[in-house]
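Residue numbers (my numbering), protein chains in the order written: chain A, 1 to 315; chain B, 316 to 824; chain C, 825 to 1086. Each remark here refers to the structure printed beneath this line.
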Amino acid sequence: MLIKILGRRLAQAVFVAWAVGTLTFFLMNLLPGDFAYRIAAGRYGYDYVNQAAADAVRAELGLDRSVWLQYLDWFRDLLRFNLGDSLVSGNPVSQELAHQLGHSLQLALFASLLSLLIAVPLGLYAGRQVGSALDRASLFISVLLRAQPVFVIGLVLVLIFALQFQLLPVAGFGGSRYLILPALSLALSMAALSSRMIRNATHQVLGSSYYQFARFKGLSEQQAFTHHAQPNIALPVVAFIGIQAVSLIEGIVMIESLFSWPGIGHALAHAIFGRDVPMIQGAALVMGLLFVLINLLVDLCCYWLDPRQREEGLQ
Amino acid sequence: MQIKNILAVVGFALLAWLLLDYQAVDQQQTLTIGGPFEFTSQDLSKDGFMYTRMQVAEALVDVRPDGSLIPKLASDWLVSDNGLEWRFSLRSGVSFHDGRPLNADAVVYSLQKAMAKPGVVQQLPLERLYADAEQVVVELSRPYKPLLSILAHYSLAILSPSSYDEQGQVVALSGTGPYQVALLAPPHKLNVRRFPEYWGEAASIEQVHYLTGHRAESRALQAQSGQADLIYTLDPASLDLLERADNVWVHSQSIPRTVLLKLNNAHPYLNNKQTRQALSLALDREGLSEHVVRVPDSAAYQLFPPALGHWHLSELAEKQRNLALAGELLKQQGWQLGSDGVLEREGERFRLNLVTYADRPELTVLATAIQAQLAEIGVEVEVVVDNSSAIPARHHDGTLELALIARNYGTLSDPLALLVDDHLQGGGDWGPMNWSSPSLSELLESLMSSDGEQDRQLTRQAALLLADELPLIPVLFYTQQVAVNQRVQNFQFDPFELNYRVAEMSFAN
Amino acid sequence: MMGLNTSQRWGFALLFGLIALAGAEALFWQGDIALQQLDAAFEGPSLAEPFGRDHFGRSNFARLASALRTSLLMAICSVALSSVLGVALGMAAGWKRGAVDRTLSFVVNVLLALPGLILVLLFGALIPGSFAMLYLAISLVLWVDYFRLIRARTISLIRSPEVEASRLYGFGVWYIFKRHLWPNFRKDVYTLSCFGAGNAVLALASIGFVYVGLKPPHAELGLMMVELFPYYSDAPWVLLQPLCAVICLVLSFHMIAGTVDE
């Protein structure tokens, strides 16, 4: 069973890498405008982009070659695990991704964990006491947080913690002090959704017949909750957090921009404006693989949490 | 396992992360600069501005804030009588950050690398460049007066030969400036520290950090909270806020950049001076200056801003907006107001595309306002927000009708080089389109080999001609707004934005 | 209104209130969203301008109303497109299985792995300045949710005795869909749609943050927030208007979806 999970995900990874890279390549080639001019603008800035610069770029990068030839080049490089060089900065794509995607991942991971710390206790409590004042209050706050763009949350946090109390820096990166505010903004908006999710799962499980039976057969509330409720609450929650984490990596453009965080969102926007094809392909490919990886982790977690799957494996 | 335990583990992990990743910064010895400028590499032709601003790299010649040129790495220079051979002597006792000494061979090597790249250096009528007994010799094919201002450009800063790899790319930037690179994290961060063996006066501040901030609001907040000492390019919306703060003051200074309307002068609607005048008269520049960019007195009635010395004509009277006259001029061209408020002539509507670019956020805002102002005289404008490369691309394929651009007239300290490129060398991707004037060409030719009072006279005539003919319609002058923390002493500002001059600043105790 | 609980009634009331606001402006005020009066920037509310003026001295009421119309229409279109696409393809995959299922799941897997942001930015770049294109891209991201849900539901429903019986009696696809499948999907599709509409508006605001999709002088709620964000300290009441409109809009969708009264 375990081998089957790993094998399936590995095959998916290979396939996703090829499909996503190919799709972005051809979508990029559909974009209007002269690539040489775009790349020249990305390289030399708006004061210096002109025909001479565009011609130099065209000659240097061989943009006159046919699309298929360029695609084959990319594919050959991919087989050698080479993502190519950025057309704008000239640095290897892998190096740029390591810097920018790395920072995004760091932020996403920290924010996800922080959101767990907020959402799990809140969701469990609200789910056990449905209809209580706290349940209602958490619902109200959750809807309010979900109904506004995350930059408003970020701005409010900055005004409180950076300007009023001068505890944390406004923006920047390098060191954990810079991580707290952007991560907290994201965590709050994530927890707004996941805390309700946990609350509903808890409510459902506590009302289920197997939990009632466990209580009926004489287990204390503590025992019944640990052995019968927790795994059943955890299953959907793990799957949900996994999906949330994936969407987070790309969904943090606003936070990156507000907090001057060197993330992948801004880099992607720039790469598309600058027609930096290898950079877009590389980013799509790595993010696609990341998607597969997170799915694998979710699979493994469920495998570990769900005794039925493990028994199936033993037979 | 209990959920409580898992949560506790997660909590401890996050706490440990925060503690382990804590990086202390010595605020007392570190000056932090914030600005919107991104840099992607160490290649001077692309991102050299960042390294000259942070005073890592220096050029042979330096531009003073008033635009005059003084020796930097070159100690002096001699021009042959025919203006074709320039000999530069080098300052002695200068060493690069990697320890090598500065000599003529290193300078020639560095300049040759720069000349292989696109950029302003390509405007130079260069014949030969070589080292001759500790002098650097530049031979030209024809006299070219703005040579010094080209050599002062950031793309021609001098780097140590060890900075380049075999392909001629800069991989380990090593210059001669008072600061050397400490941490390089493009596109957002550059930290530099004091270079102890600097040839000139050593810097007072030990460390300088630069951080790119994309959003003007968060940059303003950085200044307000004291996190950053200098914040460049404040947006108008944050000015009031910062002026109320007591730890910061705002420095405003004109820079040689002008917002202007570039027009296709061959377009059937725009191919005469009267129509261009009418468009110019329809603009409410004072309104734009007061309420949109919120910098009083930035209305522009000529192309050259006050920062450009004698190219700026102070006597050019401020013309007010005049819709009646604009309407009259358009009527003379045969345009009649249609029933829907749009001008018509022989069944054609006065409808134009206006291209602008989002790279500078204020341009889309100004385009919105100009669209509304031109609608008042019956000119219908459709705003197209594109990328900056659309301007030269559409200039060359002829699809440009109107464009709102922010042109930097101070890429070189002498605008002459730029005008010569616009009008004599077939450049002008950012200059007038489909427009030529024999008298202007003549003036520019004579300016290439004039000096003193004659130079001043010719400059005046050229500037007047451009302001009168309106091949480009000036809209606003730029003002750079810098938030400066009170603890920064002796703040300096370079309108050409080649140098932040932090080495001359210090902290109050 | 039959079969609605209190929360849903309030949700509809809120939504109709917003629509009425947008309609009243079009009927009685008929303001111009592009007309500027630079010297009246940030003028406070008056009878003629009940919501004051923005940074260009444009009528906030006219802009807000127009933005509500645009955003609502766009959000509804993108939700309709994604739900129809998701339900139809999800059913096809769940019903036919085999090659159809494999092909569609293949496409969905690629779409899921392709970062939504890249897709939206690419589509935005195809026709710069087009709102419709951006919403189309957002629908392309959204339909996957419907597909996965409907496919899973169809697979289990199609084996149920009722559907088996209907098929044996020779009833057509449409009948089975109407009689057996749709009643089962309905609640989930509504819920997904209500969240989707709110998310579509918020997604556009986040795209506006990287300067894509701005096309003056049109008004759209997400972009208005980004446009007015710099003035948060000068004129917070102006920024609050599109913000409140979005909050009300999203809140009304959530209430209609029934999540508030769980």
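By construction, the Cβ of each residue, glycine as well, lies at the ideal position given by its N, Cα and C atoms. Remember, it's a predicted structure, so these values are computed and weren't measured experimentally.
*Run down chain A in chain order and give the residues with a C-beta less than 7 Å from the C-beta of B/Lys428.*
Those within 7 Å of B/Lys428 in chain A number zero; the least Cβ separation is about 14 Å.
*asked:* Looking at the strands, I want to know which residues DSSP matches up with B/Ala500.
replied: B/Lys504
*Using a beta-carbon distance cut-off of less than 9 Å, what residues from the region 672–695 of chain B approach chain C?*
Ala673, Asp674, Pro676, Thr679, Val680, Ala682, Thr683, Ala684, Gln686, Ala687, Gln688, Ala690
*In chain order, what residues of the same chain lie with their CB nearer than 8 Å to the CB of B/Lys646, ignoring the 5 residues before and after it?*
none
*Is the beta carbon of B/Ser704 sitting closer than 8 Å to the one on A/Ala41?*
yes
*According to the Cβ coordinates, are C/Leu1064 and C/Ala891 closer than 8 Å?*
no
*Using a beta-carbon distance below 8 Å, is B/Asp555 in contact with chain C?*
yes
*asked:* Tell me which residues share the same chain as A/Tyr354 and place their Cβ nearer than 7 Å to its Cβ, disregarding the 5 neighbours each side in the sequence.
replied: For chain A, the structure presents residues 1 to 315; residue 354 of chain A sits outside this window and is missing.
*Same chain, Cβ closer than 6 Å to B/Leu689, neighbours up to 5 away in sequence not counted*: Ala597, Val696
_Contact check, A/Gly263 vs A/Ile252, beta carbons under 8 Å_ = yes
*Taking C-alpha atoms, which residue in A/Leu179, A/Ala162, A/Arg146, A/Leu159 lies nearest to A/Ser195?*
A/Arg146
*Among A/Ser247, A/Glu256, A/Phe25, nearest to A/Phe291 - alpha-carbon criterion*: A/Ser247
*asked:* By the three-class DSSP mapping on this structure, what secondary structure does B/Arg666 have?
replied: strand
_Sequence ranges, alpha helix (DSSP H) only - wholly within the region 201–272 of chain A, length at least 4_ = 209–216, 221–224, 230–250, 253–258
_What does the alpha-carbon distance come out to for the pair A/Arg177 and A/Ala98?_
21 Å
*Measure the beta-carbon distance from A/Val88 to A/Asp276 and round it to whole angstroms, keeping in mind my assumption that it falls under 8 Å.*
5 Å
*Would you check if the distance between the CB atom of A/Val158 and the CB atom of A/Met254 is smaller than 8 Å?*
no
*Listing by chain order, which chain A residues have their CB less than 8 Å from the CB of B/Asn580?*
In chain order: nothing, as chain A lies at least about 18 Å away.
*Examine chain B for any beta-carbon lying closer than 8 Å to the beta-carbon of C/Ala1081, and answer yes or no.*
no
*Using the Cα positions of C/Met825 and C/Phe836, report the straight-line distance between them to the nearest angstrom.*
Residue placement at C/Met825 is poorly supported in this model, since its pLDDT is 42, which falls under 50; the coordinates still yield a value, given next. Their Cα atoms are separated by approximately 10 Å.
*Would you kindly work out how many angstroms separate the C-alpha atoms of C/Val987 and C/His1004, rounded to a whole number?*
7 Å
_Given 8 Å, three or more beta-carbon pairs between the region 775–787 of chain B and the region 477–487 of chain B_ = no
*If you compare alpha carbons, which of C/Arg882, C/Ala904, C/Arg833 is closest to C/Phe1019?*
C/Ala904
*Considering only residues of the same chain and omitting the five flanking positions on each side of B/Leu575, which have a CB-CB separation below 7 Å?*
Leu618, Ile720, Arg722, Leu787, Ile788, Pro789, Val790
*Indicate the three-state DSSP secondary structure (helix, strand or coil) for A/Ile3 in the structure shown.*
helix
_Within 8 Å of any Cβ in chain A, is that where the Cβ of B/Asn702 sits?_
yes
*When we look at the beta-carbon of A/Arg136 and count the other beta-carbons within 10 Å, is it buried (16 or more) or exposed?*
exposed
_Contact list for A/Gln148 against chain C, beta-carbon separation under 7 Å_ = Leu1067, Val1070, Ile1071
*Roughly how many angstroms separate the alpha carbons of B/Leu359 and B/Tyr469, rounded to a whole number?*
7 Å
_Close-in-space but distant-in-sequence residues of the same chain around B/Ala446 (CB under 7 Å, 5 per side omitted)_ = Ala419, Asp420, Val423
*For C/Asp863, return the contacting residues in chain B, with the cut-off set at a CB-CB distance below 7 Å.*
Gly602, His606
*Evaluate the contact criterion for the region 952–959 of chain C versus the region 1008–1016 of chain C: three or more CB pairs, one atom per stretch, below 8 Å.*
no
*Shortest alpha-carbon distance to B/Pro825 belongs to which of B/Leu554, B/Arg664, B/Ala560, B/Glu521?*
Nothing in the structure corresponds to residue 825 of chain B, since chain B is present only between 316 and 824.
*Closest Cβ-Cβ distance between C/Asn933 and chain A: below 8 Å?*
yes
*For B/Ser567, which beta-bridge partners are listed by DSSP?*
B/Gln796
*For C/Asp1085, collect the residues of the same chain with a Cβ closer than 7 Å to its Cβ; drop the 5 residues on either side in sequence, then sort them by chain order.*
Low per-residue confidence applies at C/Asp1085: pLDDT is 42, beneath 50, and the placement is therefore not dependable enough to give any value.
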